[in-house]
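Residue numbers (the numbering used here), protein chains in the order written: chain B, 15 to 417; chain V, 15 to 417; chain W, 2 to 395; chain S, 2 to 395. Where is the CB? At the ideal position from N, CA and C, for every residue including glycine.
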Amino acid sequence: MTSLIDLGTRTKAHVIKDDQEAIAIAKELAAEFVKGDSDRDRHRRLPVEEINKYSESGLWGITVPKEYGGAFVSNVTLAEVTKIISEADSSIGQIPQNHLYIVESIRLDGNEEQKKFFFDLVLQGKRFGNAFSEIGTKSVVDVQTRLARSGDGYVLNGRKFYSTGALLADWIPVVAKNDDDNTVIAIVERSTPGLNVINDWSSFGQRATGSGTTIIENVQVPESHVIPQYRAFERPTTQGPVAQIIQAAVDVGIAKAALRDTLFYVRNYTRPWIDVELEHGYEDPLTLYNIGNVVIQVHAAEALLRRSGEYIDRANENPTDISVAEASIAVAEAKAIAAEASILASNKLLELAGTKATLEEYNLDRHWRNARTHTLHDPERWKYYAVGNFYLNGVNPPRHPWL
Amino acid sequence: MTSLIDLGTRTKAHVIKDDQEAIAIAKELAAEFVKGDSDRDRHRRLPVEEINKYSESGLWGITVPKEYGGAFVSNVTLAEVTKIISEADSSIGQIPQNHLYIVESIRLDGNEEQKKFFFDLVLQGKRFGNAFSEIGTKSVVDVQTRLARSGDGYVLNGRKFYSTGALLADWIPVVAKNDDDNTVIAIVERSTPGLNVINDWSSFGQRATGSGTTIIENVQVPESHVIPQYRAFERPTTQGPVAQIIQAAVDVGIAKAALRDTLFYVRNYTRPWIDVELEHGYEDPLTLYNIGNVVIQVHAAEALLRRSGEYIDRANENPTDISVAEASIAVAEAKAIAAEASILASNKLLELAGTKATLEEYNLDRHWRNARTHTLHDPERWKYYAVGNFYLNGVNPPRHPWL
Amino acid sequence: MTVIERPTLENYAAIARNLSQEFVETAVERDRAAGSPTLEIARLKESGLLSLLVPQAYGGIGATWAEGLKIVQELSKADGSIGQLYGNHLNLTTLGHVSGTSAQKEQFYRETAQQQLFWANAINTRDIRLAIVPEDDHFRVNGIKGFGTGVAVADRRVFTALQEGVDLPILFVIPKEREGLTALHDWDNFGQRRTDSDSFQFQNVRVEQDEIFGHPEPPTHAFSTFLGIIAQLTKTYVYLGIAEGALASAQAYTQTTAKPWLTSGVNAASQDPYTLHHYGEFWVSLQAAIALTDQVAQVVQSAWERDVSLTFEERGVVAIKVFAAKVAATRAGLDLTNHIFEVLGSRATANKYGFDRYWRDLRTFTLHDPVDYKLRDIGNWLLNSELPAITQYS
Amino acid sequence: MTVIERPTLENYAAIARNLSQEFVETAVERDRAAGSPTLEIARLKESGLLSLLVPQAYGGIGATWAEGLKIVQELSKADGSIGQLYGNHLNLTTLGHVSGTSAQKEQFYRETAQQQLFWANAINTRDIRLAIVPEDDHFRVNGIKGFGTGVAVADRRVFTALQEGVDLPILFVIPKEREGLTALHDWDNFGQRRTDSDSFQFQNVRVEQDEIFGHPEPPTHAFSTFLGIIAQLTKTYVYLGIAEGALASAQAYTQTTAKPWLTSGVNAASQDPYTLHHYGEFWVSLQAAIALTDQVAQVVQSAWERDVSLTFEERGVVAIKVFAAKVAATRAGLDLTNHIFEVLGSRATANKYGFDRYWRDLRTFTLHDPVDYKLRDIGNWLLNSELPAITQYS
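This is the structure in structure tokens:
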């Protein structure tokens with residue numbers, strides 16, 4: 015039994031040719047997505063139509079290598095696109111996170127046949143979801159889901175939580191241990207019997223991601239749909255940093271959204287405080303001071319995000335222990351500062367706007383709820399550790415999707 | 015009467031051809047300057063020999079326009095060079111600050127004859143000092159020094175404080191009000207009768223800058239040596255942002271120096287604290303956390319410094335009200351974050367190194383003293399104001415050398 | 002219905018503690034439901050704690066401000082909405098004492114104690130939509146007033162309205178039964194959701210002479226405006242309570258539910274060195290804010306006891322101290338309610354835990370009036386020896 | 002030489018205030034000169050304040066810890082070095098009480114009061130270069146000991162040394178006259194410059210039986226190690242004093258000397274809205290740290306009065322509270338001594354003002370033992386109910 019939601023009428027995706035086009039299209043889409051952002055959050059509404067538009071725009075295919083017909087944009091651009099969309103709606107910005115992760119995984123560890131097959135699907139506009147994380151395990155690397163050999167194929171069993179994007183996906187990649195206890199990814203088509211995706215996401219933030227539970231019962235998987243993911247971390251690759259830069263870009267997007275609403279609200283609504291003789295709230299020198307501070311923190315996060323994209327691009331050209339470690343560390347820096355900036359900006363928004371801004375009709379707390387939820391994906395405190403250990407002791411960070 | 019210090023034997027400066035060469039030379043010089051940094055600070059010794067090497071290297075001429083034989087490097091490079099030298103010795107890094115300001119002033123407001131004359135001197139390795147600020151006035155823009163018409167030339171009278179670089183300069187530009195009450199710069203050769211530079215700099219930081227007092231008594235100035243500085247602020251020019259990016263670069267250099275010494279000291283000397291069972295101090299997870307945080311703040315300052323250089327370069331290509339305002343604001347952001355980073359890094363250095371690091375022999379407090387002194391050049395709090403006012407209210411910052 | 006011991010100076014704190022523990026169990030649920038705090042007020046009445054500040058001479062428990070405000074903190078640990086409602090109530094029960102005639106003082110103290118009356122208000126003098134007009138020997142009130150925290154369920158309801166030709170707002174109290182008042186049910190904010198801070202529509206509401214308080218009027222003595230300072234301190238205790246509640250829940254979650262991070266090398270979340278560090282930070286800031294506030298409460302209590310002999314100078318200096326406590330509590334609380342998540346992890350964002358309510362409540366209530374202006378007043382006193390201007394907020 | 006009233010419980014605070022005001026006038030000059038605090042100790046002796054904690058039964062002033070440590074804060078306002086010297090002294094004068102026999106307690110209390118003896122030490126147990134060897138009925142000590150704060154000018158000098166075959170260090174006190182001790186004059190640090198914390202070379206120094214304290218030894222009761230906790234609180238008061246001194250000087254400078262910034266639109270630096278804001282911040286953090294520390298001092302005083310009945314559990318909980326105060330004071334002080342410059346401006350960096358001495362002193366002294374480990378202990382207590390390990394620092 016498979017619970018399927020209607021994905022609506024979809025057309026074949028446009029194929030984007032270069033970085034510039036990707037950014038231009040992202041800006042267009044963002045202008046549209048921002049309109050319903052608050053409403054979707056309030057009603058926990060899955061952005062089905064928006065995600066169709068997003069994937070049809072070709073932006074879900076921009077990391078496909080050139081030899082397979084993609085634009086293979088730089089990681090600077092990938093981060094920029096994610097940031098632009100996330101500023102408009104951070105749930106929509108987060109949804110392709112795992113899709114992009116899988117595209118990278120196929121690029122790094124898929125065989126030629128898999129690359130041809132899946133990259134073609136991606137360029138057509140097909141979407142990958144995610145069934146990676148589990149609940150009730152000892153830690154994030156403890157995977158209970160098993161992919162067992164069965165005839166000339168495999169059979170998959172397990173239960174996943176935090177399945178961001180799975181509800182809206184055409185294919186759902188499932189992280190599992192194989193018979194050798196290596197971590198692999200089995201890519202399962204959404205209508206496969208035994209696959210069940212439930213929208214039971216109940217966090218207070220990133221409400222429209224529909225990051226719910228995936229139940230996998232005796233799902234048949236052909237060998238050709240299994241990616242040997244563990245290899246990505248046996249040698250130096252950009253798998254980890256690419257996963258993280260998208261995360262960081264979502265956080266920066268949230269920070270920018272909070273800043274945007276601060277500027278709008280304070281400029282248009284905030285009254286001057288009674289203790290100061292000013293005509294308008296936006297003249298208050300302390301308000302300006304605080305806004306200046308938020309702007310600077312947000313720009314610093316943007317600048318470190320760009321810088322980390324440059325490091326990943328360099329590591330991609332020549333992936334070595336050190337170039338990949340540098341990329342991981344640069345992304346960790348960006349993610350740490352992005353988390354701080356998003357928390358700062360989403361708090362200051364309300365402090366500067368004033369009590370009236372707490373009315374549910376404005377829904378201005380969603381930026382804080384989104385920031386606070388999304389920045390917890392993996393703990394900030396261990397980013398600082400990794401950065402310190404690299405610079406002080408020359409210890410390369412561990413290779414996994416959280417660095 | 016003029017007090018002259020011996021500037022030693024000097025040779026004609028090398029002429030640098032491009033950005034890349036400038037950075038390579040800066041790195042070479044830095045490796046040399048860093049050796050005597052602590053010693054010069056401790057003894058308040060003027061870096062005469064070092065400044066000769068610095069100006070002979072050609073780095074004091076890199077902003078001379080191409081049509082006059084200079085490399086006219088980008089402002090990204092100018093900031094990078096200043097940062098590299100300041101990391102090695104922030105006093106040396108600060109000394110050419112006003113020289114570079116005057117080169118920019120001549121480029122913007124000198125006439126053809128002045129450009130030919132002074133740029134040629136600059137490329138030869140001649141140095142400008144500075145006699146800009148005054149003490150005991152109402153605020154920094156209140157200038158008491160007067161340049162009075164006298165025959166076909168002028169006569170100059172006044173008293174200046176904070177004359178960074180003047181002791182080591184060949185020419186000393188003096189900011190004065192002319193008979194029309196406009197602010198001009200009179201460039202006076204060091205041996206001119208009536209000019210007296212005293213090394214009475216007594217701040218606790220930036221000790222080797224010899225930023226002292228200049229006394230000007232009835233100094234004769236020919237018309238050809240007067241630059242109509244006020245014009246730089248009547249139209250949109252990069253005069254202000256260029257002045258500020260050099261300041262910001264010095265602060266970033268100080269932050270980097272503090273971080274460098276933190277890594278060195280903690281790695282080599284710091285014992286583990288008794289409450290934790292570790293063999294080495296550098297394994298302490300809290301130390302690593304803190305170092306990670308300092309690294310990120312310093313990198314954020316570097317990234318915003320580079321970004322502000324890009325803004326100035328764009329404004330230089332097409333100086334309009336908005337492009338110059340954007341450049342000023344970007345530099346204000348960089349300077350604000352650089353100040354924070356330098357204070358943070360120079361404090362954490364000692365916290366992480368431990369009590370022994372307070373021994374005078376290590377002289378590790380110099381980074382804090384330098385940061386605390388140099389970041390006060392103009393108040394941080396009004397940077398935040400300018401940034402906030404620009405982003406919230408669309409108000410362009412005032413045009414003056416402090417923005 | 003539970004039979005409750007009548008509270009005395011010996012047992013009121015224990016009663017409040019029990020009540021707080023009772024409230025905390027339903028806090029997440031009540032926050033989600035929002036709506037009217039009918040249940041909470043009923044339980045407060047039954048507890049007998051509504052007469053906490055009424056002097057024993059009038060039949061009350063007779064606690065001091067320093068004692069009474071600790072109860073505001075205790076209840077706020079469970080639920081910021083209850084804390085705010087109860088804090089406001091304590092303030093309003095002394096209105097007859099501070100701004101009333103001696104007859105009003107006697108009447109309001111006594112009936113509050115005897116009948117366990119619950120007080121609420123919509124005083125906000127920045128809202129000028131309510132008009133009062135004299136008519137024969139009484140008054141009539143028409144218009145709208147916003148932010149009527151708990152007014153819908155209150156036995157005594159305090160408002161301000163403007164009278165033509167009179168500069169300062171007129172302060173009055175009317176009983177629940179008084180006709181012509183309609184709640185507009187427009188309180189829909191993301192925090193302090195259970196305070197039911199609706200706007201109220203007045204239609205020809207009658208107000209008697211003896212329901213008008215003598216103040217606010219041009220203050221002839223400093224004491225008449227001292228309740229404004231106490232109100233600031235009361236909010237401070239609500240902030241502290243919310244922060245304390247957040248810390249206690251986070252602590253329990255870390256001890257029982259949170260998981261160790263994969264690179265931490267420890268077996269339990271409660272052993273993570275950074276988690277220990279963060280908890281240390283939370284605790285230090287919170288303890289410092291509590292210590293400062295408790296110290297200031299003693300100062301406020303002494304000033305209160307000076308009654309009408311309180312000078313403007315004394316009042317101003319007390320105000321500065323209260324402002325400092327308020328800023329410290331705001332900072333520590335916001336820091337804590339933002340950053341507990343970093344040690345709790347992703348799963349703690351699930352709505353069933355309701356960990357966001359601490360931030361939503363504190364963020365909402367700390368916006369009541371800006372702390373930046375409290376800092377300015379402190380700076381202005383330090384550098385220029387100026388006392389804060391007397392307003393509803395200072 | 003000024004004739005000074007003998008201090009009593011009524012006037013000791015005023016005497017300390019006068020002395021502090023006297024010291025502040027020469028503070029910049031003495032900081033620059035560094036060297037030995039001969040003058041300062043002479044003035045302390047003359048003041049009679051050296052017997053502040055000696056019980057009246059032994060001829061002292063008889064102040065409590067809570068009272069005595071406020072004097073450490075008062076003197077530190079003028080000069081962190083004096084604060085440290087005096088704070089150490091107060092601790093050491095009770096050494097006979099905590100770790101001695103009843104004869105030692107009586108002797109040291111009494112002679113300190115009668116002769117106004119000044120005490121100093123180099124206890125640092127992490128420094129293991131000093132060896133003590135039994136010889137007939139006495140001992141001989143040889144080696145080197147570092148960080149002898151004020152030892153050079155002290156009448157009574159306390160050290161620890163290691164004895165072969167004995168696990169724990171031996172604690173002893175010797176008079177100034179004792180032969181064989183040489184100061185190495187190696188204290189040249191950028192802060193607390195006037196503490197003269199030299200290393201000392203011991204050459205065959207004789208130590209009598211009755212100069213050895215019974216402790217540290219494996220603690221049979223918690224009280225015997227309680228002075229370690231008091232030492233942490235004493236440092237906290239030095240930090241608070243340094244910060245208070247910095248704030249007071251900054252305030253005076255802003256009021257009299259600082260200039261308004263060109264775009265500020267105000268006529269005096271003391272009117273700059275950001276300057277007011279910063280002062281508000283400084284004050285709030287400092288007041289919160291002071292309030293917490295004063296509250297904790299009361300707790301320490303109560304624990305002290307429990308004497309040998311103090312339990313390890315009680316000792317541990319008091320330690321946690323002291324740690325919190327220490328962290329709060331460190332944070333507030335460092336923040337203040339770093340950021341005052343932003344409101345003072347460039348000219349305030351001139352050496353004649355000496356504004357950097359507050360930062361140099363505080364930065365140096367707060368490194369004594371890392372606050373991060375205090376935060377860890379607090380977290381470990383909150384989450385795992387573990388009490389801090391008993392060391393010289395806890």
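#1: Here's the rule: buried if 16 or more other CB atoms are within 10 angstroms of the residue's CB, otherwise exposed. What is glutamine 252 of chain W?
#2: When you compare the CB of histidine 278 of chain W with every CB in chain V, is at least one pair closer than 9 angstroms?
#3: Give the C-beta separation of lysine 362 of chain B and valine 308 of chain B to the nearest angstrom, bearing in mind that I take them to be a contact with Cβ-Cβ under 8 angstroms.
#4: Closer than 8 angstroms, Cβ to any Cβ of chain B: which residues of the segment 190–223 of chain W, in chain order?
#5: Can you grab the Cα-Cα spacing for the pair threonine 65 of chain W / glycine 101 of chain W, in whole Å?
#6: Given this structure, state the Cα-to-Cα distance separating glutamate 218 of chain W from arginine 307 of chain W, to the nearest angstrom.
#7: Does the segment 72–79 of chain W come close enough to the segment 21–39 of chain W that 3 or more CB-CB pairs lie under 8 angstroms?
#8: At a CB-CB cut-off below 7 angstroms, which residues of chain B make contact with proline 371 of chain S?
#9: Taking threonine 96 of chain V as part of the alpha helix (DSSP H), name the residues at either end of that continuous run.
#10: Any idea if valine 338 of chain V is buried or exposed, counting beta-carbon neighbours within 10 angstroms, 16 or more meaning buried?
#11: Got a sec: is the Cβ-Cβ distance from tyrosine 303 of chain B to anything in chain S below 9 angstroms?
#12: Looking only at its chain, what residues have a beta carbon closer than 8 angstroms to the beta carbon of threonine 338 of chain W, apart from the 5 residues adjacent to it on each side?
#13: Along chain V, which residues have their Cβ under 8 angstroms away from the Cβ of isoleucine 310 of chain B?
#14: Name, please, each residue of chain V whose Cβ falls closer than 9 angstroms to the Cβ of proline 255 of chain B.
#15: Measuring only the C-alpha atoms, how far is leucine 300 of chain V from histidine 381 of chain B?
#16: Which residues, in order along the segment 272–288 of chain B, keep a beta-carbon less than 9 angstroms from a beta-carbon of chain V?
#17: With C-beta atoms as the reference, is valine 233 of chain B less than 9 angstroms away from leucine 170 of chain B?
#18: Of all the residues that make up the segment 285–309 of chain S, which are near chain W by a beta-carbon distance shorter than 7 angstroms?
#19: Establish whether the CB of leucine 390 of chain V and some CB of chain B are separated by less than 9 angstroms.
#20: Spatial neighbours of glutamate 315 of chain S within its chain, please: CB distance less than 8 angstroms, with the 5 preceding and 5 following residues excluded, ordered by chain position.
#21: Is the CB-CB distance between isoleucine 230 of chain W and serine 395 of chain W below 9 angstroms?
#22: Just to confirm the assignment: which complete beta strand (DSSP E) runs, minimum length 3, are found wholly within the segment 96–151 of chain W?
#23: Look up isoleucine 341 of chain W in the DSSP assignment and say whether it is helix, strand or coil.
#24: Quick one: grab the DSSP three-state call for aspartate 379 of chain B.
#25: Counting C-beta neighbours from all protein chains within 10 Å, is the total for glutamate 42 of chain V 16 or more, i.e. buried, or is it exposed?
#26: Quick one: what's got a C-beta closer than 6 angstroms to tyrosine 238 of chain W's C-beta in the same chain, skipping five residues either side?
#27: Excluding the five sequence neighbours on either side, which residues of its own chain have a C-beta within less than 8 angstroms of the C-beta of histidine 186 of chain W, listed in chain order?
#28: Does glutamine 256 of chain S have its Cβ less than 9 angstroms from a Cβ in chain W?
#29: Please state if the CB of leucine 366 of chain B and the CB of threonine 372 of chain B are separated by a distance shorter than 9 angstroms.
#30: Whose CA, out of B:Ala272, B:Val198, B:Trp215, lies closest to the CA of glutamine 243 of chain B?
From the atom records:
#1: buried
#2: Yes, because at least one Cβ of chain V sits closer than 9 angstroms to the Cβ of histidine 278 of chain W.
#3: Confirmed, Cβ separation roughly 5 angstroms.
#4: Asn190, Phe191, Gly192
#5: 20 angstroms
#6: Confidence is the limiting factor: at glutamate 218 of chain W the pLDDT is only 46, short of 50, which leaves the residue's position unreliable, though a coordinate-based value still follows. Roughly 20 angstroms between the two C-alpha positions.
#7: yes
#8: Going along chain B, no residue has its Cβ under 7 angstroms from proline 371 of chain S, so there is no contact; the nearest lies around 16 angstroms.
#9: 89–102
#10: buried
#11: yes
#12: The residues are Ile243, Ala244, Ala247, Tyr359, Trp360, Leu363, Arg364.
#13: Leu318, Glu347, Ala350, Ile351, Tyr398, Val401
#14: Result: empty, since nearest Cβ-Cβ is about 16 angstroms, beyond 9 angstroms.
#15: 30 angstroms
#16: Leu273, Thr276, Leu277, Val280, Arg281
#17: yes
#18: Residues Val285, Gln288, Ala289, Ala290, Ala292, Leu293, Gln296.
#19: no
#20: Ala223, Ala304, Arg307
#21: yes
#22: 120–123, 131–136, 139–150
#23: helix
#24: coil
#25: Exposed, since its Cβ has fewer than 16 Cβ neighbours within 10 Å.
#26: Excluding sequence neighbours, tyrosine 238 of chain W sits near Leu70, Val73, Gln74.
#27: Asp199
#28: yes
#29: no
#30: B:Val198
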